[in-house]
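Here is the structure we will look at.
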Amino acid sequence: MKYGKNKGQTNTFISSYETLDLTFPKEILTNLYSKGEIELCSLEGKNGDVFKITFSLYPNFEKEGEFTLICYNSENKTLAKLTFAFLEKNIIIGGLQGLEKGEDKELIKNATKELFGIFPKKLLLETLYILFPNYSKIGVGKNKHIYFSPRYIKRKQEKVHANYDEFWKSIGGIEKDNLWSLPKKLERKSIEDIPAKKRAQYIKKFNLLDTLFEKIILLYNI
């Protein structure tokens, strides 16, 4: 998302924090505003590895949005970040990053196995949909990204490692003018449509997503 010091940026900022105040219980907001980051939930992988999902303010990628969902592994290494903001009834996803530069890509491979085939980025997107089910989601295309604007392209382009367009397309997004309109719901495959030899894996995957949903909804009264 391309920000500037203008009315649009101000409206986005106000809209984002108004939405946050309406979403989380007061005690959660108190912790969030005082600490800058709260843990939404933790999930256990198939071999016992624990993955943590947090919600943070004032992200390092602040030009991509106001808030960031972060997925950490059991060693507290960042596996994925999803940065976003609100504009009226829309969520604008301005950033979707993977590992920090220089980290071993095996971390993602191992995490995906532990999560029954769910990529950490996809796990964060699932979290976003649980938190804010009634908002339209818009993904920023790679060429629309702030760091590909003329002002930043020479200095910041190397910070963007993700192929946004490929990811949005893979989940059923529809592109127009480098913005992707994302599905209202993240659909699951029907068990009947999955080959018999793969069904056990998919059932475990769906159970993990159900656990994610239950932990966020029940613990935070959303």
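The numbering used here applies: residue 6 is where the sequence shown begins, and numbers increase by one. For every residue, glycine included, the Cβ atom is placed at its ideal position computed from N, Cα and C.
Run through the DSSP bridge pairs and tell me what L112 is partnered with.
Here residue 112 refers to the residue found at position 107 when the sequence shown is read from its first residue. Its beta-bridge partners do not exist; DSSP assigns none.
Assuming the contact rule is C-beta atoms closer than 8 Å, I98 and G144 should be a hit. Round their C-beta distance to whole Å, please.
Here residue 98 refers to the residue found at position 93 of the sequence shown. Here residue 144 refers to the residue found at position 139 of the sequence shown. Confirmed, about 5 Å.
Which residue marks the beginning of the beta strand (DSSP E) containing F89, and which one marks its end?
For the purposes of this step, residue 89 is identified with residue 84 of the sequence shown, where counting begins at 1. From DSSP, the beta strand (DSSP E) with F89 extends over T83 to L92.
Does the separation of the CB atoms of F60 and L45 fall below 8 Å?
Here residue 60 is taken as the residue at index 55 of the sequence shown, counted from 1. Here residue 45 is taken as the residue at index 40 of the sequence shown, counted from 1. Going by C-beta atoms, F60 is nearer than 8 Å to L45.
F137 - partner residues in DSSP beta bridges:
Along the sequence shown, read from residue 1 onward, the residue named residue 137 stands at position 132. Looking at the DSSP assignment, F137 forms no beta bridge with any residue, so it has no partner.
Alpha carbon to alpha carbon, what distance is there between G177 and F211?
As a working mapping, residue 211 is identified with position 206 in the sequence shown. As a working mapping, residue 177 is identified with position 172 in the sequence shown. Rounded to whole angstroms, F211 to G177 spans 19 Å at the Cα level.
What span of residues does the alpha helix (DSSP H) with L224 cover, start to end?
Position 219 of the sequence shown, counted from the start, is the residue given in the question as residue 224. First-last of the alpha helix (DSSP H) with L224: R204 to Y225.
E49 bridges to which residues according to DSSP?
Here residue 49 refers to the residue found at position 44 when the sequence shown is read from its first residue. According to DSSP, E49 bridges with V55.
Give me whichever residues DSSP pairs with G100 in a beta bridge.
Position 95 of the sequence shown holds residue 100. T88.
Please report the distance separating the alpha-carbon of D54 from that of T28.
Within the sequence shown, numbered from 1, the residue matching residue 54 stands at position 49. Within the sequence shown, numbered from 1, the residue matching residue 28 stands at position 23. Taking the straight line joining both Cα atoms gives about 30 Å.
Please go through the same chain and pick out, in chain order, the residues whose beta-carbon is closer than 7 Å to the beta-carbon of R204, but skip the five residues on each side of it.
Position 199 of the sequence shown, counting from 1, holds the residue named residue 204. I196.
May I ask you to report which of helix, strand or coil DSSP gives N183?
Along the sequence shown, read from residue 1 onward, the residue named residue 183 stands at position 178. Of the three classes helix, strand and coil, the one that applies to N183 here is coil, per DSSP.
For R193, which residues of its own chain have a beta-carbon under 7 Å away from its beta-carbon, when the five flanking residues on both sides are left out?
Locating residue 193 in the sequence shown gives position 188, where the first residue counts as 1. Hits under 7 Å: F211.
For Y77 and E171, what's the separation of their Cα atoms in angstroms?
Position 72 of the sequence shown, counting from 1, holds the residue named residue 77. Position 166 of the sequence shown, counting from 1, holds the residue named residue 171. Cα to Cα, the separation comes out at about 23 Å.
Three-state secondary structure (DSSP) of Y38:
Against the sequence shown, residue 38 aligns to sequence position 33. In the three-state reduction of the DSSP assignment, Y38 falls in the helix class, which pools H, G and I.
Quick test of your reading: L37 and L62, contact by CB under 8 Å. State the CB separation rounded to the nearest angstrom.
Mapped onto the sequence shown, residue 37 falls at position 32. Mapped onto the sequence shown, residue 62 falls at position 57. Confirmed, about 7 Å.
CA-CA distance, K82 and L214?
Start at 1 with the first residue of the sequence shown, and residue 82 comes out as number 77. Start at 1 with the first residue of the sequence shown, and residue 214 comes out as number 209. Near 21 Å, if we compare the C-alpha coordinates of L214 and K82.
Below 6 Å CB to CB, which residues in the same chain sit around T24 once its five sequence neighbours on both sides are set aside?
Position 19 of the sequence shown, counted from the first residue, corresponds to residue 24. Same-chain partners within the cutoff: F91.
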